[in-house]
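If you count the sequence shown from 1, you need to add 14 to reach our numbering. Worksheet: the structure to be examined is printed underneath.
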Amino acid sequence: MTSGHTGVRPMQTGRQSLLARIMLIALTIAVLGSAGFGTWVAFIYDGGTPTLIPFALVGLLGGLFALWGLSEQSAKWVGLAAVLQVFAPMGAAWAASLVLAVFGAVVLVMQWRAGRHLPDRQHAHA
C-alpha cells in the first residue's frame, strides 16, 4: 500500500512562483539573522542573563521553523517563524524584529485567505 506521495516536485514556472521563492528565502535569512543576533545578545552580550534565555530559545525555535518552511517551501512555517522573532532579545534592535513579525503576520494572513501555501509541494495521488 502506498501513501500516494511520490516525492517528485512539479516544475514551478512563472514570475509569481519565482517571487514567492525569493520572498521565502529573504524572510528565512531575516529570521535566521534575528534569531542569531538575539541569541548572541542573550548569551554573550548580556552574559547569559537568565531572563533573556527563554526568549532566545523561542527565537532559535523560530529559526528552525524558518529552515523547515524553506525546505518544505511552506510560507506558513516561514511566516510563523517571523512572528516568533518578536520574542528574540535584540536590545535596541528589537524594533527590527517587530517589523519582521509584522511581515510574518502578513504572510500568515495571506496564506489563510488564499487557503494554500505559496509555493507548495504538490503531491501526486495514486
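Ideal Cβ positions, reconstructed from N, Cα and C, are used throughout, including at glycine.
Start and end residues, alpha helix (DSSP H) containing residue i
{"i": "MET124", "result": "108–128"}
Residue burial classification, residue i (beta-carbon count within 10 angstroms, cutoff 16)
{"i": "LEU38", "result": "buried"}
{"i": "MET124", "result": "exposed"}
{"i": "VAL120", "result": "exposed"}
{"i": "TRP91", "result": "buried"}
{"i": "LEU33", "result": "exposed"}
{"i": "GLY52", "result": "buried"}
{"i": "THR65", "result": "exposed"}
{"i": "MET104", "result": "buried"}
{"i": "GLY62", "result": "exposed"}
{"i": "GLY93", "result": "buried"}
{"i": "GLY129", "result": "exposed"}
Whole-Å CB distance - residue i paired with residue j, under 8 Å assumed
{"i": "VAL97", "j": "ALA70", "result": "Wrong, their Cβ atoms sit about 16 Å apart, outside the cutoff."}
{"i": "VAL45", "j": "GLY76", "result": "6 Å"}
{"i": "GLY73", "j": "ALA109", "result": "Rounded, the Cβ-Cβ distance is 15 Å, inconsistent with contact."}
{"i": "LEU78", "j": "THR42", "result": "Not a contact, Cβ separation roughly 11 Å."}
Problem - alpha helix (DSSP H) runs contained entirely in the stretch 83–107, provided each spans 4 or more residues - result: Runs of the alpha helix (DSSP H) lying entirely within the stretch 83–107 and spanning at least 4 residues, in chain order: 89–98.
Exercise for the section: Would you check if the stretch 54–69 and the stretch 81–88 touch, i.e. whether three or more CB-CB distances between them fall below 8 Å? Expected result: No, the stretch 81–88 is not in contact with the stretch 54–69.
Handout entry: Sequence ranges, alpha helix (DSSP H) only - wholly within the stretch 36–86, length at least 4
Key = Counting only runs of 4+ residues, the alpha helix (DSSP H) found wholly inside the stretch 36–86 occupies 67–86, in chain order.
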